[in-house]
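Structure record follows, encoded as structure tokens.
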Amino acid sequence: SRPLFRRPAAPPPASPSRPSFPRRPGRAPPSAREAMGRMYGRGKGISSSALPYRRRPPTWLKMKTEDVCDHICKLAKKGLTPSQIGVTLRDSFGVPQVRTVTGNKILRILKTNGLAPELPEDLYYLIKKAVAIRKHLDKNRKDKD
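Quick note on numbering: the sequence shown equals residues 1 to 145 in full-length UniProt numbering.
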């Protein structure tokens, strides 16, 4: 008295923390698909350089605090932004981190010397980007995307 056919086993219940997705051959699982590039930005992931744990200036650096502050003021008078000043100090003068050498960040040094920009740098570039987009849309009226 055995049945002629077997009933298929019931699928296991889906866990509440992870929704069940239908598996298709050749498709990556959802966790791998979420690591793709951003749709509305240039970011591709969370990789970045790590700052050194030691907060003291490196032993191989021979520049004094006053020299670094003088270079910062000279570059600011030329019209460079704080991030450009940091890149110049790193590439041309071999200063890895201004804060470890001087104890202050570049913008704070500029503020104490009265050379800080009236608009914060990130806000300035956001406004500049918005102006460029507005100019493009005024010129290309049919551009809807």
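Just so you know, even glycine gets a beta-carbon here, dropped at the ideal spot from N, CA and C.
No experiment lies behind these values; they were computed from the predicted model shown.
**OP:** Check residue 86 in the structure and name its three-state DSSP category.
**Re:** helix
**OP:** Determine the direct distance from the alpha carbon of residue 126 to that of residue 140, and round the result to whole angstroms.
**Re:** 21 angstroms
Subject >> Min CB distance residue 133 to chain C below 8 angstroms >> reply: Looking for chain C here will not work: only one protein chain is present.
Subject >> Beta-carbon proximity list for residue 86, same chain, < 8 angstroms, skipping 5 on both sides >> reply: 98, 106
**OP:** Take residue 77 and list the residues in its own chain whose beta-carbon comes closer than 8 angstroms to its own, dropping the five residues that flank it on each side.
**Re:** 115
**OP:** Express the C-alpha separation of residue 51 and residue 112 in angstroms, rounding to a whole number.
**Re:** 25 angstroms
**OP:** Report the three-state DSSP secondary structure of residue 118 (helix, strand or coil).
**Re:** coil
Subject >> Exposure label - residue 131; buried when at least 16 CB within 10 Å >> reply: exposed
**OP:** Starting from the C-beta of residue 96, find all residues in its chain whose C-beta is less than 7 angstroms away, skip the five residues before and the five after it, and write them out in chain order.
**Re:** 58, 90
Subject >> Residues near residue 121 in its chain [Cβ-Cβ closer than 7 angstroms; skip 5 each side] >> reply: 81, 82, 83
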